[in-house]
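S.K.:
There are 2 protein chains.
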Amino acid sequence: MPRVTFIPSNAQIDVAPDENLLRAAMRAGVHINASCGGAGVCNKCKIFVEEGEVHGERLPDGGYKACTTVALSDLLIRVPVESEMDRKALVRAEGVKAASWIQAQAEMLERPLDPVIKKTTVTLPEPTLEDSVSDLERLQRELGQGKLQGVTLEVDNQILRNLPEALRSERWLTTVSIMEGKHPDTKRLIQVQPGNTTRFHLAGAIDIGTTTVSVQLLDLASGEILAESSDYNPQVSYGEDVISRMEFARKGDGLKILQEKIVECLDRLIDEVCSESNTEKGDLSLLSVAANTVMTHFLLGLDPRYLRAAPYVPVATQFPPVRASEIGFNVPDHVRIFLAPCVASYVGGDIVAGVVGSGLNRQPELTLFIDIGTNGEIVLGNQDWMACAACSAGPAFEGGGIEHGMRATTGAVEVVHIHPATFEPMVLTIGGKKAKGICGSGIISLLAGLFTAGVIDQQGKFRHDLDTPRVREGRSGWEYVVVEAEATQTGKDIVFTEADIENLIRAKGAMFAGYLTLLESVGMSIEDLERVVLAGNFGSYLDLEQAVTIGLLPDIPRDRFFFAGNTSLMGARAAALSWPVINEEGEVAKMMTHFDLSNNPSFMDHYVSCLFLPHTDTSLFPSVKVK
Amino acid sequence: MPRVTFIPSNAQIDVAPDENLLRAAMRAGVHINASCGGAGVCNKCKIFVEEGEVHGERLPDGGYKACTTVALSDLLIRVPVESEMDRKALVRAEGVKAASWIQAQAEMLERPLDPVIKKTTVTLPEPTLEDSVSDLERLQRELGQGKLQGVTLEVDNQILRNLPEALRSERWLTTVSIMEGKHPDTKRLIQVQPGNTTRFHLAGAIDIGTTTVSVQLLDLASGEILAESSDYNPQVSYGEDVISRMEFARKGDGLKILQEKIVECLDRLIDEVCSESNTEKGDLSLLSVAANTVMTHFLLGLDPRYLRAAPYVPVATQFPPVRASEIGFNVPDHVRIFLAPCVASYVGGDIVAGVVGSGLNRQPELTLFIDIGTNGEIVLGNQDWMACAACSAGPAFEGGGIEHGMRATTGAVEVVHIHPATFEPMVLTIGGKKAKGICGSGIISLLAGLFTAGVIDQQGKFRHDLDTPRVREGRSGWEYVVVEAEATQTGKDIVFTEADIENLIRAKGAMFAGYLTLLESVGMSIEDLERVVLAGNFGSYLDLEQAVTIGLLPDIPRDRFFFAGNTSLMGARAAALSWPVINEEGEVAKMMTHFDLSNNPSFMDHYVSCLFLPHTDTSLFPSVKVK
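Protein sequence lines, in the order shown, are assigned to chains A and B. Going by the numbering used here, the first sequence wraps up at 627, each residue one higher than the last. Going by the numbering used here, the second sequence wraps up at 627, each residue one higher than the last.
Okay, structure coming up:
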């Protein structure tokens with residue numbers, strides 16, 4: 001890998017053959033002005049090659065556009081004087097992240113493969129006139145004498161229809177699928193297939209988020225992931241957030257529509273992963289689903305009306321296994337859905353699965369589990385106890401309620417650095433395309449960058465005395481121009497407003513007040529935290545330093561942070577591979593003490609103190625320098 | 001009640017105000033010539049009123065038509081000289097029958113009411129912010145602390161959809177329906193209703209015969225029968241007997257059609273009994289079904305192909321409870337079907353239910369249970385052991401394969417007496433209408449009458465030397481004219497042919513050979529029988545003496561016979577009212593030793609000896625006088 005040295009800062013970094021020098025500079029903590037996000041149109045990201053070979057677009061004055069230039073050898077790159085390094089604010093916690101991923105995966109794989117539905121072969125004696133008991137009795141007799149001695153075996157009526165053929169077509173060699181019962185002495189026969197099909201045994205692990213849906217196809221014979229797919233939750237068309245969807249569900253056929261849409265979507269994703277991996281849907285035995293409480297209610301077609309108002313009562317929080325075809329899935333009759341249990345209306349199965357998936361409940365360290373999604377759910381605890389809460393943080397960190405906010409797709413501004421002297425931005429977009437809007441990580445980048453550069457004060461208000469055209473009074477108050485019109489896809493300026501900043505401060509304030517409230521309730525404080533687990537897709541893009549800078553994450557040693565990725569999907573996968581995990585989730589859900597923050601006076605006090613960057617009490621953030 | 005004395009025989013009988021004197025004469029054992037079955041058209045049943053008042057149709061010579069005349073006071077009736085008494089052959093076992101009915105009913109009612117699905121009320125504490133567990137957990141918590149302590153409670157996913165309303169609409173007073181599980185420590189929550197609905201709890205007891213279907217609606221709160229209804233099995237359109245229906249099932253959608261037809265029919269009957277009793281179908285919890293093995297397969301949509309050929313293997317003989325809506329019933333989702341277990345391909349749940357319903361399995365007496373339906377199934381045994389067999393008797397005793405055979409409906413000849421000197425018949429039809437054909441009891445009457453009067457010999461051949469136009473050579477051989485054309489609905493003679501008689505002798509021979517084979521297999525003989533239970537609707541019309549005369553029933557003391565009626569329906573009812581009966585049926589089905597007579601050499605020997613009236617070995621029938 002070529003090594004690139006940037007001067008005057010002397011920052012060094014190894015680059016991949018296809019990594020452009022703008023992205024390399026961002027990684028190395030070198031600021032280069034760049035407005036268009038790497039699309040090659042703003043011509044601002046000029047660099048000079050002092051030593052080495054490059055391939056790229058040359059500018060008239062002998063410089064190169066950093067965003068379209070790659071290294072062909074070790075390089076010495078000079079960044080023009082107007083750009084200046086501010087290393088600290090740019091360092092991302094990539095090392096920590098990779099390590100934690102590996103650890104979480106390893107933990108998962110250490111569990112013995114032990115799915116709740118198992119396949120086993122059995123060879124039956126052929127019937128004779130002397131032994132002409134029925135097909136079912138013959139099968140039960142053989143199982144009762146062999147592998148299932150002493151077990152009360154319940155039988156799905158549905159297996160009977162193809163039983164004669166299943167037994168006879170491979171000369172009485174047959175494979176049965178047996179599901180563990182709720183009572184330890186009971187099991188249930190749910191499928192009978194001809195021949196030995198034990199090698200063909202599939203499960204789906206499914207995460208239903210409010211915004212996105214992910215499906216993994218698992219091989220229950222090997223434990224491997226065969227294929228993955230994801231898509232937006234089609235319910236988005238009927239309401240961006242859970243509240244508006246619950247409103248929609250109340251009217252006419254609303255609930256039915258929401259239920260059918262999510263099933264349709266999952267059916268399609270299941271078809272995709274089966275086709276991608278050349279597997280048969282008929283070999284599926286189970287779907288393991290993790291979802292928040294509202295999504296779980298929608299999937300089962302349950303009335304969410306009592307979730308919405310005090311005392312916020314779900315219809316159920318521990319769900320019996322459901323026959324997938326019964327709720328509309330286009331899968332064979334025997335396929336069962338196992339749903340991760342929920343704790344309360346706003347702390348759902350995604351969190352329970354996440355806690356189990358990330359191992360919080362099996363370790364002694366005091367851990368804070370944070371899922372900064374639409375709502376912001378947190379869990380504090382360890383193997384002995386757990387407290388949880390929903391913070392009502394709102395969707396600001398997903399781009400919701402932000403004037404130019406958008407989801408993390410191509411063209412979204414994902415990282416921004418503000419030059420501390422010129423206040424010019426260095427912008428990177430997803431996919432290196434012209435900018436369309438700002439996604440969650442870009443929003444945190446911006447807020448942290450503006451604050452660090454002194455463009456906004458501790459209350460999030462713009463300074464009006466700066467010598468830059470980027471800070472201006474717009475139609476809806478003061479704003480910062482992130483990308484000028486000529487470099488955007490929309491042809492309009494992409495701006496970041498004081499109203500956006502207010503929303504963000506409220507959101508991060510709600511999260512932080514949540515941490516403090518849970519800690520206080522058990523007589524502990526921020527310093528006692530031994531681990532912070534960051535869950536959700538959000539976690540994989542989050543810049544740790546920036547998140548601390550704005551007071552979204554606590555200012556504790558950085559090696560205590562773990563980026564765990566989609567812990568909900570990870571938990572769903574763990575439950576599919578190992579049925580003790582299903583029981584573990586049930587235990588975790590029951591053991592969690594839920595705090596209703598909306599009626600908690602201590603939370604309100606903390607919240608008010610948190611409406612500052614990074615916090616009213618700066619002693620909580622020793623590493624953050626306020627300019 | 002007026003008393004009627006018939007002279008010259010001096011037979012006396014009390015008559016009901018609406019009972020005509022022809023029927024009274026038959027009961028009293030007095031022969032009066034009568035061809036039209038009581039329709040008033042043949043003018044043969046002339047009587048003279050010597051003393052007393054009558055209301056009836058007067059003939060020109062001062063006599064009355066017996067079939068249209070009723071008593072207004074005590075009477076002395078002279079029967080013209082051409083009619084003569086033959087009391088013995090006409091005495092029906094009515095006294096025995098009534099007693100056994102009462103006994104069977106009493107046994108049923110002695111069982112404590114203990115249905116497999118029970119309703120119980122529970123009042124829940126209202127949710128608060130401090131206690132906001134989900135609706136389901138709240139319910140489970142209350143049940144777990146109270147009535148279901150220590151029980152593993154499984155939950156039907158279907159209850160969740162209306163759970164919030166069910167709990168709230170009567171202020172947290174609710175009624176739950178709990179089903180017993182297969183494992184003794186498990187139960188299942190299958191329905192939740194608002195308020196106290198324990199008084200409204202229904203079950204259906206259903207007997208699916210090859211020809212007729214009967215439904216009783218039971219009140220599970222009181223044990224009472226609220227309404228009853230029955231109809232022909234609509235599958236009859238696709239095949240009169242099980243063999244032709246299995247043939248139909250093999251082709252195209254045949255099985256699906258048969259399945260749908262029976263469900264449609266049962267749905268209609270359920271609607272009828274609910275409407276008749278002013279009850280709500282929503283209060284149904286279970287359907288308890290008894291049916292033969294083939295009908296059970298059809299109801300569940302199971303492939304019957306391996307039932308037909310050796311080694312005659314059913315798909316299943318013990319059936320898990322089935323959700324009725326899953327197999328197409330138009331009933332609420334929670335309603336379960338419990339199916340009486342079968343023993344083998346041709347000894348089904350109707351027989352198992354019958355054995356349990358009639359108490360054979362709970363008594364020490366050596367009992368022969370006989371169901372003379374299409375097939376002829378028999379069970380021999382007592383509380384300690386049981387042997388069973390199907391005799392392949394065919395449908396002759398239901399009118400099948402008999403030239404003028406018909407089902408027991410209006411216009412069917414149901415009783416016949418043959419005058420021993422004139423060979424003129426005395427015919428009664430069902431409903432007193434002009435004759436259309438001959439039903440099962442009429443067929444036995446005829447065969448016994450012709451044999452007793454010496455019209456046929458021990459091999460069932462007509463004597464050709466009798467001085468009567470009623471015995472003649474017809475198109476298909478020798479025959480007896482039962483009703484002449486002018487007195488029939490069809491305008492054609494109703495005859496009884498030598499071919500009919502051959503069929504009947506084969507049928508009764510198969511039955512009797514079955515008794516002997518089972519008895520022999522346990523080293524016993526006819527005299528050891530302590531009870532004979534006659535099951536089926538057939539049993540309620542059967543003339544005991546006539547049945548013994550033709551060798552269909554063994555010649556043992558008449559007080560050992562019990563007419564038990566529809567024991568299959570009785571067993572279905574017992575199973576609905578008491579779940580220990582369901583387990584008892586399972587035990588009985590497992591404990592019965594099944595003999596496959598079709599491959600039994602001993603059976604074949606006995607069968608050949610039985611092709612005589614009453615039997616080759618007349619010492620087996622000491623009470624039957626061969627003329």
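Beta carbons are placed, not taken as given, at the ideal position from N, Cα and C, and that holds for glycine.
Assuming residue 297(B) is part of the alpha helix (DSSP H), what are its boundary residues?
M.R.: Residues 293–300.
S.K.: Taking a Cβ distance cut-off of 8 Å, strictly less, list which residues of the segment 262–294 of chain A are near chain B, in chain order.
M.R.: Correct list: empty, as no residue qualifies.
S.K.: Straight-line CA distance for residue 171(A) to residue 299(B)?
M.R.: Between residue 171(A) and residue 299(B), the C-alpha separation is close to 28 Å.
S.K.: For residue 404(B), report the span of its alpha helix (DSSP H) as first-last.
M.R.: Segment: none, residue 404(B) is in no alpha helix (DSSP H) and carries neither H nor E.
S.K.: Start and end of the alpha helix (DSSP H) containing residue 255(B)?
M.R.: Segment 254–276, the alpha helix (DSSP H) holding residue 255(B).
S.K.: Can you confirm whether the segment 406–414 of chain A touches the segment 385–397 of chain A when touching is taken to mean that 3 or more C-beta pairs between the two stretches lie within less than 8 Å?
M.R.: No: fewer than three Cβ pairs fall under 8 Å.
S.K.: Compare the C-alpha of residue 165(B) against each of 177(B), 193(B) and 565(B) and name the closest.
M.R.: The shortest C-alpha separation from residue 165(B) is found at 193(B).
S.K.: Ignoring anything shorter than 3 residues, give me the beta strand (DSSP E) runs that lie fully in the segment 432–504 of chain A, in order along the chain.
M.R.: List check, beta strand (DSSP E) in window: 471–474, 477–483 and 494–497.
S.K.: On the three-state DSSP scale, how would you describe residue 554(B)?
M.R.: Coil.
S.K.: What are the start and end residues of the beta strand (DSSP E) that includes residue 367(B)?
M.R.: Taken as a continuous stretch (DSSP letters only), the beta strand (DSSP E) holding residue 367(B) covers 367–371.
S.K.: Buried or exposed: where does residue 31(A) fall if 16 or more other Cβ atoms within 10 Å of its Cβ makes it buried?
M.R.: Counting Cβ neighbours within 10 Å, residue 31(A) comes out buried, since at least 16 surround it.
S.K.: If we ignore side chains and look at the alpha-carbon of each, how far apart do residue 439(B) and residue 15(B) end up?
M.R.: Distance between the alpha carbons of residue 439(B) and residue 15(B): 25 Å.
S.K.: Of all the residues that make up the segment 303–326 of chain A, which are near chain B by a beta-carbon distance shorter than 9 Å?
M.R.: Cβ contacts with chain B: 303, 305, 306, 310, 311, 312, 313, 314, 315, 316, 317, 318, 319, 320, 321, 322, 323 and 326.
S.K.: Could you work out which residues of chain E lie near residue 132(A), taking near to mean beta carbons separated by less than 9 Å?
M.R.: Absent here is chain E; the protein component of the structure consists of chains A and B.
S.K.: Got a sec: which bits of the segment 156–174 of chain B sit with their beta carbon under 9 Å from any beta carbon on chain A, in order along the chain?
M.R.: Within the segment 156–174 of chain B, the qualifying residues are 156, 157, 158, 160, 161, 162, 163, 164, 165 and 168.
S.K.: Around the C-beta of residue 570(B), are 16 or more other C-beta atoms found within 10 angstroms, so that it is buried, or is it exposed?
M.R.: Buried, since its Cβ has 16 or more Cβ neighbours within 10 Å.
S.K.: Around the Cβ of residue 559(B), are there at least 16 other Cβ atoms within 10 angstroms (buried) or fewer (exposed)?
M.R.: Residue 559(B) comes out exposed.
S.K.: Interface residues of chain A around residue 135(B) at Cβ under 9 Å?
M.R.: Per Cβ cutoff of 9 Å: 306, 313, 314, 315 and 316.
S.K.: Does the contact criterion of 3 or more C-beta pairs under 8 Å hold for the segment 147–157 of chain A versus the segment 149–160 of chain B?
M.R.: Output reads no: the segment 149–160 of chain B does not touch the segment 147–157 of chain A.
S.K.: So the candidates are 598(B), 626(B), 139(B) and 8(B); which of them puts its Cα closest to the Cα of residue 309(B)?
M.R.: Taking only the C-alpha atoms, the option nearest residue 309(B) is 598(B).
S.K.: So residue 194(A) contacts chain B; which residues on that side make the cut at Cβ distance below 9 Å?
M.R.: Those do not exist, as residue 194(A) stays about 14 Å from chain B at its closest Cβ, beyond 9 Å.
S.K.: Between the C-alpha atoms of residue 461(B) and residue 498(B), what's the straight-line distance to the nearest angstrom?
M.R.: Going by the C-alpha atoms only, they are around 6 Å apart.
S.K.: Among the candidates 582(A), 623(A), 71(A) and 206(A), whose CA atom is the shortest distance from the CA of residue 179(A)?
M.R.: Comparing Cα positions, the closest option is 582(A).
S.K.: Below 8 Å, how does it come out for the segment 579–594 of chain B and the segment 219–230 of chain B: are there three or more Cβ pairs, yes or no?
M.R.: The segment 579–594 of chain B, when compared against the segment 219–230 of chain B, does not touch it at the 8 Å Cβ threshold.
S.K.: Which chain B residues sit within Cβ distance under 7 Å of residue 154(A)?
M.R.: Residues of chain B passing the Cβ test: 182 and 320.
S.K.: What residue from 327(A), 491(A), 176(A) and 625(A) has the CA that sits closest to residue 264(A)'s CA?
M.R.: Nearest of 327(A), 491(A), 176(A) and 625(A) to residue 264(A), Cα basis: 327(A).
S.K.: Apart from the five residues just before and just after residue 617(A), which ones in its own chain have a Cβ nearer than 8 Å to its Cβ?
M.R.: Answer for residue 617(A): 609, listed in chain order.
S.K.: From this set, 47(A), 5(A), 34(A) and 517(A), which residue's C-alpha is nearest residue 432(A)'s C-alpha?
M.R.: Comparing Cα positions, the closest option is 34(A).
S.K.: Within its chain, find whatever has a CB closer than 8 Å to the CB of residue 59(B); leave out the 5 residues flanking it on each side and keep chain order.
M.R.: Excluding positions up to five away in sequence, the list reads 43, 46 and 65.
S.K.: Going along the chain, which residues of its own chain have a beta-carbon closer than 7 Å to the beta-carbon of residue 401(B), five neighbours each way excluded?
M.R.: If we look at residue 401(B) and ignore the five residues flanking it on each side, its Cβ neighbours are 394, 395 and 503.
S.K.: Could you spell out the range, first to last residue, of the beta strand (DSSP E) harbouring residue 606(A)?
M.R.: Looking at the DSSP string, residue 606(A) is not in any beta strand (DSSP E); the run it does join, the alpha helix (DSSP H), is 601–609.
S.K.: Under 7 Å between beta-carbons, which chain A residues line up against residue 127(B)? List them in chain order, please.
M.R.: Correct list: 311 and 313.
S.K.: Just the chain B side, please: which residues come within less than 8 Å of residue 296(A) by C-beta, in chain order?
M.R.: Correct list: empty, because the minimum Cβ distance to chain B is about 11 Å.
S.K.: Near residue 41(A), which residues of its chain fall below 8 Å by C-beta distance, leaving aside the five closest residues on each side in sequence?
M.R.: Excluding positions up to five away in sequence, the list reads 434, 486 and 487.
S.K.: Give the range of the beta strand (DSSP E) segment to which residue 173(B) is assigned.
M.R.: Element bounds for residue 173(B): 173–180.
S.K.: Going by alpha carbons, who is nearest to residue 620(B) out of 467(B), 528(B) and 565(B)?
M.R.: Measuring from the Cα of residue 620(B), the nearest candidate turns out to be 528(B).
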